Amino acid sequence: MRVLFVEDNMALAETVVERFRKEGHVIDHESDGDEADYILRQKQFDLILLDINLPGRNGFELLRAIRARNLDTPVLVLSARSEIDDRVVGLDAGADDYMTKPFDFRELIARCRALARRKSGLARNLFTAGNFTFDWGTKLANVAGKDIELRNKEVQLLELFLTSLDRVLTKEEIADKIYNFDETPSFNAIEQTITRLRKKLDGSPFLIKTIRGLGYIGHMDET
Amino acid sequence: MKHASKRLTQKSMRHRLILSMGAGFLAILTVICIGLWGYAQQAANESYDRLLHGAALAILERANLASGEVRVDIPYSAFEILGLAKEDRVFYRIFTQDDETITASHNLRPKANYKPSESPVYWDDAFSGESVRFMQQARFLTGDNRSLWVIVQFGQTCIARHDMIAELFWRGFAVALFITVVGLLFVWIAINSALHPLIDVEQNLRQRDISDFTPLPVTPPREVASLVLSINGFISRLKNNLDHSQIFIADVTHQIRTALSALQGQLELASKEQSPELLKGRIEKAERQNRQTIHLTNQLLAHAMVIHRADQKIVSDIHLADLLKTVLQTLLREHVKSDIDFSVNIAPDIENGGKTADLIAGDSISIREAISNVIDNAIKHGPANNRIDISLFEHTLKLRGRERKQLILQVDDAGPGIPEERRAKVLERFYTTGTGNDGSGLGLSIVDEVMRSHKAQLRLGHSALGGLSVRMIFTRKTVGIPT
Amino acid sequence: MSAQSLFPLISPLSACSARSAKYMLFAITVLLTAMLAAIPAAFSQEKTEIDIWSTTDTAAFESVIRAFETANPDIEIAYHEITTNALFEHVLYARDRKDTAIDLVISSAMDLQVKLVNEGLASPFSTDRAGATPSWAEWRNELYGFTYEPIVLVYNKEAFRGYPLPKTHSDLADLLINNLPTFEEKVGTYDAASSGAGYLFFTQDAIQSDKIFRVIEALSRAKMRTYDYTSAILDAVASGDLILGYNVIGTYALERASKDPNVGIFQFKDYTIVMSRTAFIYKHSRKKREAERFLEFLLSETGQEKMARDSALIPISPDMRRLKLPADSTNAYLPIKMGIGLLTYQDPLKRRYFLDVWNSIFKKPEEQ
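Protein chains in written order, with the working numbering: chain A, -17 to 205; chain B, 405 to 887; chain C, -9 to 358.
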């Protein structure tokens, strides 16, 4: 994974860079917004880690500039500001995820991996997380080298969760996405499908959390 | 600023009082003037009508009927009497009931529809280019073979009357004006003496050292005394508040320093550790300690933020159900792996209700902070297999015959709960239940601040699930103002 | 020019106008300006002419008018002398005809003046000197008295020798009744019927004293003769035709007495009526400003002093009048008070009653 880390605090930058290198990623560090913009015009990255308070050009401005150039590199915003407004603005400005300082390194790397995978996975037609793979083309899921036999509805459900990881999916949303007009959607049927999927993928990092009354959250546990 | 405020005080008190008193006096003066004018006119007319009456009587006394002929010998006194109105011209005519002139200075027109009478009649008219007061009086003369009414008609110009009216009026006016001026002077003095204690209070407050919290001396009058007592009450509350702030700062200092010391200790121990096994344990402890310090810092900042935002009075329309869902989205993501059994129950009438079904007025960032703190609190203090029920429903409160819609956000858990006697305590800062968990002691305190600044209620109770039940009761906004 | 020489000239014409004043307004006009035409100041500027209608002898007034004209070269005065009753009629007639050829009206008949002012024919005039005028001599800021003239008894010194001078009106009555043969047809006074001033003095007598009826009775028994003019009375006394002249205007009497040793005057000690010549500005005058200046002059210190020194008139100013009043001045001066009271005897009915009585007593049968 090739990462650009834009951060003006050298101490923090040093630790993050070291951690990423240890994990085997290629990471470039820039401490100035304008400089970062320049680098982004020269090189391709799989992910950008972006601090908001920067000398030169601040994080939001940089983000807007990137998005204005139709550069779809995933961006994870790091902010020390406690007001959530900043996060919202960050996401609205085109960020893919955010984290508030101080953060857990494991969490950071997990999120980075998820973001990078989302893009590269789509490109390679294969979703990989730990011992779990899913081929978008053949619709085949594999856990620890074993192919998992999935029914049609289960595949649809898995695809839905994989495209919206860490998001609450309501039963209504699920019903809308995987059932046709002529099929009678039953919340009970969804619940049963999810239970079956959970069971079939047991042992993989893929989790589905039920929140009664609200819906489900799909998650890849890679920490 | 000092200048402006001083000017403001003067305008608000002295000027307003003196202006309103002045207006009152002016109104009274106007009424007095109108009254005076009427009185002066009446008095002048009565005085000078008497002259006309006297002169008429003197003349009629000298009228007699001799051998069928009316004889009138005007006495000198008659005109002498009229001459008392020194500057006035006089016109007269003496005639019979058949309008036959006996003698006259001028051919005066008698009063219309006059019925001869011994009591005088008066009227005003214009004559010879001046305004003239007329009077007419009759006397019945009886002779041997004839009897008839003899009528005297007088006209007198009104110079003396007008002079008298003017004199009476201006004298009365001068007295009234004098009383007004003296009255206003007294009002001025009274205002000043009434304001004096206030000025004392002002000077005392202005010259006071910023750290001086001694009460102001309470002096009469009662009105000022009660003001001073209020100020003293305020001073003592301010002092309490400052004391609390000092305690808070001391507490914060203590908490952060303690946490940092613990971290420092762990790191030092780790740096001296030889055994790789034990070193790992040390570092893990240090990391845990660090995480706790981070949490404490975040909570302190959140606490400061909600207080700051409450002072700023940031208010907008908030859809509480939507806000709750957003909070849950962020919050639950971090607990996907946990065994906690979450359940969300938004009442159907809110979920499917109209646009205003879940509308409240407030600061969304503060409320978001409060909700996540309540849920965080439930997660943190509960067991690994905790059950947390989050519900949002409407409640109609009947208050003095008026209906008030409330939106209640309730969070129940199956944790240890809080004994009733300590429920008030947990809202205080840095109070922790002391069960060895890593709570900052600020979570519910933040919630309490947010609820108070939103005039919402926070109720802690025993949950049916066995743990704590937290209720946040908001007042529903009935009509949404587009913002 | 002496008063003596003027009187015969004016008198007949005046008498004529008194009888039919309304038709003889042009009666007598002595234009002083004609006499003063030679004064060079005249052609230096446009002159304004004011018409003064007066009962005062031109001779007595001439010096005052000249003094005014000298001081005010822009004003010329046309002075019209006329008798009291005729003046009264003339002013009323002028009013009815809306005649504006009158600017100032001066008369010794105070009651007639008051009556004219009461008619509203005067124009108000305020002067700084008003304070110096006694309040009895001023009315409505319109009518101002400017002389102080006692009404005196005139006697022929020669004929009166041997008789005690009567101190009071009662003394006079006693004197006449006790010496009827001597005084029969030797007492004279104004004809109240034709002389406004005479009428005023007798009616004032009637107001002032009850004893006047004794005096009138005495005068009646002495077959008092009546005259229209002061000069006629003074002539008669001087010539010895009359021994006593009753109620004669002191101004002319003093003037005559100072020149004729045969004429003596004295003032009653019980009361002596004082008459004041009065002036007012005619309401419809077109030259009020100039008329005011003349009236101002009359009342001024200069005017009063001029009157005291160079005319027969006795000024009203207390300081000045002392120069002219007889040495045996009495304290019993009773000035006639100006005001509405004077209208009493101007009542037509009252006047008729009075004159009926007067005529029945004093008119000779052939004259009635």
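All C-beta atoms, glycine included, are put in the ideal place defined by N, C-alpha and C.
Note that the structure is a prediction, hence the values are computed from the model and not measured.
Does DSSP put residue 778 (chain B) in a helix, in a strand, or in coil? It is helical.
9 angstroms Cβ cut-off: residues of chain B touching residue 195 (chain A): Within chain B, the residues near residue 195 (chain A) are 746, 747, 748, 749, 750, 793, 794, 795.
Just the C-alpha distance for residue 291 (chain C) and residue 492 (chain B), rounded to the nearest angstrom, thanks. Their Cα atoms are separated by approximately 29 angstroms.
Contacting positions in the segment 135 to 156 of chain A - beta carbon closer than 8 angstroms to chain B: With the criterion set as a beta carbon lying under 8 angstroms from some beta carbon of chain B, the members of the segment 135 to 156 of chain A are 148, 149, 150, in sequence order.
Helix or strand or just coil, what does DSSP make of residue 739 (chain B)? Three-state DSSP puts residue 739 (chain B) in coil, outside helix and strand.
Whole-angstrom Cβ separation of residue 126 (chain A) and residue 76 (chain A), contact assumed at under 8 angstroms? By a beta-carbon distance limit of 8 angstroms, residue 126 (chain A) does not contact residue 76 (chain A). Their separation comes to about 37 angstroms.
Give the straight-line distance between the Cα atoms of residue 199 (chain A) and residue 643 (chain B), rounded to the nearest whole angstrom. Taking the CA atoms as reference points, residue 199 (chain A) sits about 51 angstroms from residue 643 (chain B).
Local conformation of residue 698 (chain B) per DSSP, three classes: Of the three classes helix, strand and coil, the one that applies to residue 698 (chain B) here is helix, per DSSP.
Between the segment 307 to 335 of chain C and chain B, which residues of the former have CB atoms less than 9 angstroms from a CB of the latter, in chain order? So the close ones are 327, 329, 330, 331, 332, 333, 334, 335.
Distance, Cα to Cα, residue 66 (chain C) vs residue 303 (chain C)? Note on geometry: alpha-carbon atoms of residue 66 (chain C) and residue 303 (chain C) lie some 22 angstroms from one another.
Using a Cβ-Cβ cut-off of less than 7 angstroms, give me the residues of the segment 488 to 500 of chain B that come near chain C, in sequence order. If the cut-off is 7 angstroms between Cβ atoms, the segment 488 to 500 of chain B has 490, 491, 493, 494 near chain C.
What separation, rounded to the nearest whole angstrom, lies between the Cα atoms of residue 263 (chain C) and residue 448 (chain B)? Roughly 35 angstroms separates the two Cα atoms.
With a threshold of 7 angstroms between beta carbons, is residue 199 (chain A) in contact with chain B? With respect to chain B, the C-beta atom of residue 199 (chain A) has a partner C-beta closer than 7 angstroms.
For residue 790 (chain B) and residue 678 (chain B), the rounded distance between their alpha carbons: The alpha-carbon atoms of residue 678 (chain B) and residue 790 (chain B) are separated by roughly 40 angstroms.
Where does the unbroken beta strand (DSSP E) through residue 164 (chain C) begin, and where does it stop? Following the DSSP letters along the chain, one finds residue 164 (chain C) in no beta strand (DSSP E) but inside the alpha helix (DSSP H) bounded by residues 159 to 168.
Span of the beta strand (DSSP E), counted from its first residue to its last, around residue 613 (chain B): Premise fails: residue 613 (chain B) is in no beta strand (DSSP E) and is neither H nor E.
Among the residues of its own chain, which have a CB less than 8 angstroms from the CB of residue 241 (chain C), if the five just before and after it don't count? Closer than 8 angstroms at the Cβ level, and outside the excluded window around residue 241 (chain C), lie 50, 137, 139, 302, 303, 304.
Take every Cβ of the segment 257 to 272 of chain C, pair it with every Cβ of the segment 97 to 107 of chain C, and state whether three or more of those distances are shorter than 8 angstroms. Verdict: yes, contact present.
Pick helix, strand or coil for residue 267 (chain C), following the three-state DSSP scheme. Shown here, residue 267 (chain C) sits in coil according to DSSP, grouped into three states, outside any helix or strand.
Contact under 7 angstroms by Cβ, residue 507 (chain B) with residue 339 (chain C): Yes, Cβ-Cβ distance for residue 507 (chain B) and residue 339 (chain C) is below 7 angstroms.
Which residues in chain B have a C-beta closer than 8 angstroms to the C-beta of residue 84 (chain A)? List them in chain order. Under the 8 angstroms cutoff, chain B gives 698.
Would you kindly check if the distance between the Cβ of residue 505 (chain B) and the Cβ of residue 552 (chain B) is under 7 angstroms? Not closer than 7 angstroms, so no.
Around the Cβ of residue 129 (chain C), are there at least 16 other Cβ atoms within 10 angstroms (buried) or fewer (exposed)? The Cβ neighbour count for residue 129 (chain C), taken over all protein chains shown within 10 Å, is at least 16; the residue is labelled buried.
Checking the sheet assignment: what are the DSSP bridge partners for residue 11 (chain A)? Note: residue 11 (chain A) sits in a beta bridge opposite A:-13.
Count the other CB atoms within 10 Å of the CB of residue 282 (chain C); is the residue buried (16 or more) or exposed (fewer)? By the neighbour-count criterion, in which 16 or more other beta carbons inside 10 Å mark a residue as buried, residue 282 (chain C) falls on the buried side.
Local conformation of residue 49 (chain C) per DSSP, three classes: Note: residue 49 (chain C) maps to helix in three-state DSSP.
Determine the burial state of residue 725 (chain B): buried for a count of at least 16 other Cβ atoms within 10 Å of its Cβ, exposed for fewer. Buried, because 16 or more other Cβ atoms sit within 10 Å of the Cβ of residue 725 (chain B).
Run down chain A in chain order and give the residues with a C-beta less than 7 angstroms from the C-beta of residue 778 (chain B). Per Cβ cutoff of 7 angstroms: no residues; residue 778 (chain B) is ~16 angstroms from chain A at best.
If you pair each beta-carbon of the segment 110 to 126 of chain C with each one of the segment 222 to 233 of chain C, do three or more pairs fall below 8 angstroms? Touching, no, given that fewer than three Cβ pairs across the two stretches are closer than 8 angstroms.
The ligand ATP and residue 518 (chain B): does the residue's C-beta get closer than 6 angstroms to at least one heavy atom of that ligand? Looking at this structure, you won't find the ligand ATP or any other ligand, since it has none at all.
Reference residue 814 (chain B), options B:782, B:825, B:830, closest by Cα: Looking at the Cα atoms, B:782 is the closest of the given residues.
Grab me the residues of residue 753 (chain B)'s own chain with a C-beta within less than 7 angstroms of its C-beta, minus the 5 sequence neighbours each way, in chain order. Only 761, 798 meet the Cβ criterion.
Between which two residues does the alpha helix (DSSP H) carrying residue 638 (chain B) extend? Residues 626 to 676.
Can you give me the C-alpha to C-alpha distance between residue 129 (chain A) and residue 116 (chain A), rounded to a whole angstrom? In a straight line, the C-alpha of residue 129 (chain A) is about 10 angstroms away from that of residue 116 (chain A).
Measure from the C-beta of residue 737 (chain B) to each C-beta in chain A and report whether the shortest distance is under 7 angstroms. Contact of residue 737 (chain B) with chain A is assigned, a C-beta pair being separated by under 7 angstroms.
What residue range does the beta strand (DSSP E) around residue 180 (chain C) cover? Per DSSP, residue 180 (chain C) is one residue of the beta strand (DSSP E) stretching across 177 to 180.
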